[in-house]
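**Q** Below you'll find the structure I mean.
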Amino acid sequence: MNTYTYPLPLRWADADSYGHVNNSLFLTYLEEARTRMFQDMLPTDEAGRRQRAFVVSQSVVDYRAPLTYREEPVDVEVWVVSCRGARLELGYAIRDAERTYAEAVTKMAAYDLDTGRLRRISEAELEFLARYTDS
272 MNTYTYPLPL RWADADSYGH VNNSLFLTYL EEARTRMFQD MLPTDEAGRR
322 QRAFVVSQSV VDYRAPLTYR EEPVDVEVWV VSCRGARLEL GYAIRDAERT
372 YAEAVTKMAA YDLDTGRLRR ISEAELEFLA RYTDS
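Counting in our numbering, the sequence shown runs from 272 upward without gaps.
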């Protein structure tokens, strides 16, 4: 599988009084990794970014193990599960060398924020996303 891996630094504020990272923050971690991955695909100008946006329509997270605060980053791996028409599905794993803390899937839609409508994923976007698709 071809994955994008983002080494995510944990923040002290992410941990509760027991030192565990709050499970709701895992969605933020997925977003951060996905945003970093998409940096090379999305337009750099504001108008282009509005017309070539992606929005999340569903997120499912399977929590596998508690993640405790530490200085070392955890890896957030991202890959393309499927990509067709206006729909994009991404898979994720939050892990380190010893353990997987969570696995997740987000369903997304290619979207034009100016028109408020779905759009087809462009050929250039498909080419970029193919890098992270298991072929």
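In this text, a Cβ means the ideal position worked out from N, Cα and C, and glycines have one as well.
1. Rounding to the nearest angstrom, what Cα-Cα distance links Thr306 and Thr339 in this structure?
2. Is the number of C-beta pairs between the region 371-378 and the region 345-362 that are closer than 8 Å three or more?
3. To the nearest angstrom, report how far apart Phe309 and Ser288 are at their CA atoms.
4. Closest to Ala312 by CA distance: which of Ala395, Thr371, Asp367 is it?
5. Going by DSSP, which residues form a beta bridge with Glu360?
6. What is the DSSP secondary structure of Leu400, counted as helix, strand or coil?
**A** Here's the rundown:
1. Whole-angstrom Cα-Cα distance: 24 Å.
2. The region 371-378 makes contact with the region 345-362: 3 or more CB pairs, one atom from each, lie closer than 8 Å.
3. Within the model, the alpha-carbon separation for Phe309 versus Ser288 is close to 34 Å.
4. In the sequence as displayed, the identity of residue 312 is Met instead of Ala. Looking at the Cα atoms, Ala395 is the closest of the given residues.
5. Its beta-bridge partners are Ser353, Lys378.
6. Secondary structure at Leu400: helix, using DSSP grouped into helix, strand and coil.
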